[in-house]
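Residue numbers (our numbering), protein chains in the order written: chain A, 3 to 292; chain B, -14 to 247.
Rendered as structure tokens:
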């Protein structure tokens, strides 16, 4: 009644500039990349006219399905992402639980520590890790001084280095996802569990974590997909001859000038991501209906 | 038994917190070392590497590039994100939902795909000016964060205050200027501050779009460590860490850091 007379004027147009910005600089370029991956006659130096009117086909996709190196790097990248996801789960669950259950300065410290990697440039983190993990890094020197190793360990320039670096920058996504879910759980449930004689571990295992399933699921999805697409940390901490999949894509553009093939690889990365997310959602939803 | 379990938990938690903080702390410590090369244990401390970094042209020049770029990106994403958030908040769900999804696209598209597609687009259209394409890329990358924090702030504001103002005869602009904006200002500031630091720190999008002769600060660091191993770069990194912490502190004061991160 009264509310209708004084209703706000239509203001949907206010979203127009932002939407146009996304259309111009995200949607159109991504469509361009898709077209590029389908174009068979494109050579570097050609204009966009060739892309639209030139010959089209699935040649590049056929080629990548037979490209052993590319598929091998993709498999390796998936394995690295799985390892990163597992480690972030092992670290993220206790950290999120602790953030949820503590109060005061301890909680602040824990929350700050969990979000810190998000606020720091990945270059700075990668640099810090290279000081710690290098051949003459703090870890190797320390272990040698203690007499535990005689040869420096290959902590950097290896897949282990990538897993360490990615775990570090992606942990916040896991913690924040789980924490968001935990904060929706009524605390009375925990009191009930402890009244009924469950200790803390049993309570978390049987009550808290199943209730935080949505957060765990989105944390796993976020960390896995972000790990698959990361390339700055792997470029700094990984080995030279064993690039991760995004690095392989990059090389098509920078080193070999096979733009159309690189575009096809990018689309493949997106397709694999979407497939994994779909399968994971289907599996995790069917196991136990909420 | 119970104490053992608690002890295990505490030890594991401290290890995790140590793991998270160690690369940042080590950069801070090394930055204050006095020796020519990075080595342990550090025997004496000084601020000479901060001075040395200051005198390296590439660092302050690239820092200025990053600063201008971040400010330019926020200048676009701030107003556009705020306007979009206002529209989303007021529109019916069937319109608001798709708009919000479109505006969150930069979070869904992997950075490598986003930046390569912009690189291809810029080359194909002949607009290969590096600052321009960096500006476009950074603006879209930080936009979702501004929209999200503004939406969170608008969600915490009772609709009645705007209605009351309208009932009293204020037009749309005055309602926005004197009621809405002051109420959501902390959220807008926090979103812009987070957008600033994300742009300033960004590597993954800048990497493909930058002109190697005029890099941004993170890229200058990345290039530098490839050929040098002195504590100068630690000093620059430490400065960046301190800058990030300062911005984080501001955000915490305005709305709380958790609101910005979603």
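For each residue, glycine too, the CB sits at the ideal point set by N, CA and C.
Everything numeric in this text was worked out from a predicted model, so none of it was measured.
Query, Result
"Helix, strand or coil, according to DSSP, for residue 41 of chain A in the structure here?", "strand"
"Out of A:179, A:131 and A:74, which one is the CA nearest neighbour of residue 12 of chain B?", "A:131"
"Just list the alpha helix (DSSP H) runs in the stretch 119 to 152 of chain B, keeping only unbroken ones of 4 residues or longer that don't cross its boundaries, in chain order.", "144 to 152"
"Does the distance from the CB of residue 120 of chain A to the CB of residue 210 of chain A come in under 9 angstroms?", "no"
"Any idea which residues DSSP pairs residue 63 of chain A with across the strands?", "Answer is none; residue 63 of chain A lacks a bridge partner."
"Among residues of its own chain, excluding the 5 on either side of residue 63 of chain B, which ones have a beta-carbon nearer than 8 angstroms to its beta-carbon?", "131, 173, 176, 177 and 180"
"Which residues in chain A have a C-beta closer than 8 angstroms to the C-beta of residue -3 of chain B? List them in chain order.", "96"
"Measuring CB to CB, does residue 305 of chain A end up less than 9 angstroms from residue 105 of chain B?", "Nothing can be reported for residue 305 of chain A: it is not among the residues displayed for chain A, which extend from 3 to 292."
"From what residue to what residue does the alpha helix (DSSP H) around residue 193 of chain B run?", "191 to 194"
"Starting from residue 39 of chain B, follow the alpha helix (DSSP H) in both directions and report where the run begins and ends.", "33 to 40"
"Quick check: the stretch 214 to 230 of chain A against the stretch 169 to 186 of chain A, are there 3 or more CB pairs under 8 angstroms?", "yes"
"Using the beta-carbon of each residue, which ones in chain B are nearer than 7 angstroms to residue 115 of chain A?", "2, 5 and 6"
"So, for residue 44 of chain A: in the same chain, excluding its five sequence neighbours on each side, which residues have a beta-carbon less than 8 angstroms away from its beta-carbon?", "38, 52, 53, 56, 261 and 262"
"So, is the C-beta of residue 110 of chain B closer than 9 angstroms to a C-beta in chain A?", "yes"
"Give the DSSP bridge partners of residue 58 of chain A, in chain order.", "A:41"
"In whole angstroms, what separates the C-alpha of residue 19 of chain A from that of residue 124 of chain B?", "12 angstroms"
"Let me make sure I understand the geometry here. Which of B:90, B:118 and B:85 has the alpha-carbon closest to that of residue 101 of chain B?", "B:118"
"By DSSP, does residue 13 of chain A sit in helix, in strand, or in coil?", "coil"
"Examine chain B for any beta-carbon lying closer than 9 angstroms to the beta-carbon of residue 268 of chain A, and answer yes or no.", "yes"
"Residues in its own chain within less than 8 angstroms of residue 195 of chain B by CB, not counting five upstream and five downstream?", "115, 119, 201 and 204"
"At 9 angstroms on the CB atoms, spell out the chain A contacts of residue 142 of chain B, in chain order.", "Those do not exist, as residue 142 of chain B stays about 13 angstroms from chain A at its closest Cβ, beyond 9 angstroms."
"Kindly list, in the order they appear in chain A, the residues whose Cβ is closer than 7 angstroms to that of residue -6 of chain B.", "96"
"Of the residues A:92, A:82, A:143 and A:257, which one's Cα is nearest the Cα of residue 152 of chain A?", "A:143"
"Is there a Cβ of chain B sitting closer than 9 angstroms to that of residue 232 of chain A, yes or no?", "yes"
"Tell me which residues share the same chain as residue 5 of chain A and place their Cβ nearer than 7 angstroms to its Cβ, disregarding the 5 neighbours each side in the sequence.", "Note that residue 5 of chain A scores a pLDDT of 46, beneath 50, so its modelled location is shaky; the value from the coordinates is reported in the next line. Nothing meets the Cβ criterion."
"Any residues in the stretch 90 to 101 of chain B with a beta carbon nearer than 8 angstroms to a beta carbon of chain A? Which ones, in chain order?", "90, 91, 94, 95, 96, 97, 98, 99 and 101"
"So, residue 17 of chain A versus residue 43 of chain B, is the Cβ gap smaller than 9 angstroms?", "no"
"In the structure shown, what three-state DSSP assignment does residue 18 of chain B receive?", "strand"
"Interface residues of chain A around residue 31 of chain B at Cβ under 9 angstroms?", "Simply none; closest approach about 18 angstroms."
"Output the distance between the C-alpha atoms of residue 88 of chain A and residue 14 of chain A, rounded to the nearest integer angstrom.", "43 angstroms"
"Output the distance between the C-alpha atoms of residue 247 of chain A and residue 126 of chain B, rounded to the nearest integer angstrom.", "22 angstroms"
"Need the endpoints of the alpha helix (DSSP H) that residue 24 of chain A sits in, please.", "18 to 24"
"Can you name the residues that DSSP bridges to residue 209 of chain B?", "Answer is none; residue 209 of chain B lacks a bridge partner."
"For the alpha helix (DSSP H) holding residue 244 of chain B, just list the boundary residues, first then last.", "242 to 246"
"Can you tell which of B:233, B:206 and B:225 has the C-alpha that lies nearest to the C-alpha of residue 238 of chain A?", "B:206"
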